[in-house]
Amino acid sequence: MAEEVLYHRLRPAQVLARRNVCPAAYVPLGTLEWHGHHNPLGADGLQAEALCVEAARRGGGIAFPTLWYGENRIESLMEANAADREDIAREMGLDPENFTPAKHPFSAMEQALSYQRLLLHILAEVQSLGFKVGVLVAGHYPLYDHARAAVLLHNRSERSKKGGMLAWSCIDYHLIRDRYPFSGDHAGGWETSHLLHLHPDLVDMKCLPKKGERMVGVNGEMAPQDATAEFGRETLEYAAGIVVQEVRHRLEHTQQYRPAGESLKEGLWR
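Structure (structure tokens):
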């Protein structure tokens, strides 16, 4: 049976035991967004959670519940901004106007700032629970920039600078581009391989057209028709190994990451 590492499924003594060994916390960031006819709408969060869980099992620490809500729904969203956004809406039985600014109570900037505040609040909550390194793991690619901004703001707080938690953010493809230069896509072979590995019951490859034919809301160098569970396992496990090294180095050399801007640096463990 796989080792339980999810905070909300652990009893207090179990949390204490894991935190004493490795005081690292992983927070997955997802969204609800079109990922082709063949993938589940929660693809981003499912991948982020899997990376958090794998890292916690390999290197210690605890994975927190996935954040599915609160991000900007006017910008950086397939339903709102993709060239084929109207086709996506049609396939979902929705009016494309649902995703326009006029249909939202808050502007794009207000939504972005609200999400920043939410991420900062989450980091403060994780810090209050005794963790020394807190990692925001983005599954939805646009959230990576929001996470990095929140990390910098958190790390400049007086509480963090005076021995509090050091924050960091990461995303799978960014960590492993040295080995997989084509890493990262939207519902293409990269993400579909992850989902075939993690949740094969949620992926329906029969929904895909013949290779080379037009697909709605799918892009990337690797065609989804070429996706395999084995490739998904390989890339996720490799990314998790890098995450573990980054976190371990931050735990052992925290002061190296304290100066302004230094907390985003990666690869110092190599």
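Under this note's numbering, think of the first position of the sequence shown as 367, with each following residue one higher.
Just so it is clear, CB atoms sit at the ideal spot from N, CA and C, and this is done for glycine as well.
So, at 7 Å on beta carbons, what are the nonlocal neighbours of Gln-591 in its own chain, with the 5 sequence-adjacent residues on each side left out?
Here residue 591 is taken as the residue at index 225 of the sequence shown, counted from 1. Hits under 7 Å: Leu-574 and Lys-577.
Find out if the Cβ-Cβ distance for the pair Gly-583, Ala-448 is shorter than 8 Å.
Taking the sequence shown and counting its residues from 1, one reaches residue 583 at position 217. Taking the sequence shown and counting its residues from 1, one reaches residue 448 at position 82. It is a contact, given that the beta carbons lie within the stated cut-off.
Can you tell me the Cα-Cα spacing of Arg-451 and Ala-589, whole angstroms?
Residue numbering aside, residue 451 sits at position 85 when the sequence shown is read from its first letter. Residue numbering aside, residue 589 sits at position 223 when the sequence shown is read from its first letter. If I take the Cα positions, the gap works out to 20 Å.
What are the start and end residues of each continuous beta strand (DSSP E) run of 3 or more residues lying completely inside the segment 423 to 499, in chain order?
Taken in chain order, no unbroken stretch of beta strand (DSSP E) lies wholly in the segment 423 to 499 with a span of 3 residues or more.
Quick one: give me the first and last residue of the alpha helix (DSSP H) that Val-517 is part of.
The residue given as residue 517 occupies position 151 in the sequence shown. First-last of the alpha helix (DSSP H) with Val-517: 509 to 521.
From the DSSP output, in three-state form, read off Cys-536 for me.
Translated into positions along the sequence shown, residue 536 becomes position 170. Strand.
Sort out for me which residues DSSP pairs Asp-394 with in a bridge.
Sequence index remark: in the sequence shown, residue 394 carries index 28 (1-based). Note on identity: in this sequence residue 394 is Pro, with Asp being the wrong assignment. In DSSP, Pro-394 forms a bridge with Val-503.
Boundaries of the alpha helix (DSSP H) in which Arg-624 is found, first to last residue:
The residue labelled residue 624 in the question sits at position 258 within the sequence shown. Premise fails: Arg-624 is in no alpha helix (DSSP H) and is neither H nor E.
At least three beta-carbon pairs within less than 8 Å, the segment 510 to 522 to the segment 367 to 378
No, because fewer than three Cβ pairs between the segment 510 to 522 and the segment 367 to 378 fall closer than 8 Å, the two stretches do not touch.
Buried or exposed: which applies to Arg-384, given that a residue is buried once 16 or more other Cβ atoms fall within 10 Å of its Cβ?
Here residue 384 refers to the residue found at position 18 of the sequence shown. With 16 or more other Cβ atoms inside 10 Å of its own Cβ, Arg-384 counts as buried.
Can you list, in chain order, the residues of its chain whose CB lies under 6 Å from that of Gly-598, leaving out five sequence neighbours each side?
Counting from 1 along the sequence shown, the entry for residue 598 is found at position 232. Counting only residues of its own chain and dropping the five nearest sequence neighbours on each side, Gly-598 has a CB closer than 6 Å to the CB of Ser-559, His-560, Leu-562 and His-563.
Name the DSSP bridge partner or partners of Ala-553?
Here residue 553 refers to the residue found at position 187 when the sequence shown is read from its first residue. Paired residues: Asn-585.
Quick check: Val-501 and Val-613, are their CB atoms within less than 8 Å of each other?
Locating residue 501 in the sequence shown gives position 135, where the first residue counts as 1. Locating residue 613 in the sequence shown gives position 247, where the first residue counts as 1. Remark: C-beta atoms of Val-501 and Val-613 approach each other more closely than 8 Å.
My assumption, with CB atoms under 8 Å, is that Arg-624 sits in contact with Lys-527. Please give the rounded CB distance.
Counted from its first residue, the sequence shown places residue 624 at position 258. Counted from its first residue, the sequence shown places residue 527 at position 161. The Cβ separation is near 6 Å, so the contact holds.
Express the C-alpha separation of Cys-536 and Ile-542 in angstroms, rounding to a whole number.
The sequence position of residue 542 within the sequence shown is 176, counting from 1. The sequence position of residue 536 within the sequence shown is 170, counting from 1. Cys-536 has its alpha-carbon roughly 11 Å from the corresponding atom of Ile-542.
Over the uninterrupted alpha helix (DSSP H) stretch that includes Gln-380, give me the two end residues.
Walking along the sequence shown from the start, residue 380 turns up at place 14. Segment 378 to 387, the alpha helix (DSSP H) holding Gln-380.
What residue range does the alpha helix (DSSP H) around Ser-526 cover?
To locate residue 526, count along the sequence shown from 1; it is residue 160. Residues 524 to 527.
Leaving out five residues before and five after Ala-533 in sequence, what residues of the same chain have Cβ atoms less than 8 Å from its Cβ?
Numbered from 1 along the sequence shown, position 167 holds the residue referred to as residue 533. Within the same chain, Ala-533 has close Cβ partners Leu-489, Val-499, Gly-500, Val-501, Leu-502, Ala-516, Val-517, His-520, Asn-521, Ser-526 and Ser-629.
Taking the alpha carbon of Thr-601 as the reference point, which residue from Gln-622, Ala-416, Asn-464 and Gly-436 has its own alpha carbon closest?
On the sequence shown, position 235 is the one that residue 601 refers to. For the residues Gln-622, Ala-416, Asn-464 and Gly-436, the minimum Cα distance to Thr-601 belongs to Ala-416.
Quick check: the segment 419 to 426 against the segment 453 to 463, are at least 3 beta-carbon pairs closer than 8 Å?
No, the segment 453 to 463 does not touch the segment 419 to 426.
CA-to-CA distance, His-403 to Phe-430, given in whole angstroms
Along the sequence shown, read from residue 1 onward, the residue named residue 430 stands at position 64. Along the sequence shown, read from residue 1 onward, the residue named residue 403 stands at position 37. Between Phe-430 and His-403, the C-alpha separation is close to 29 Å.
Taking Tyr-546 as the reference, which of Thr-397, Ala-605 and Phe-465 has the closest Cα?
Against the sequence shown, residue 546 aligns to sequence position 180. It is Ala-605.
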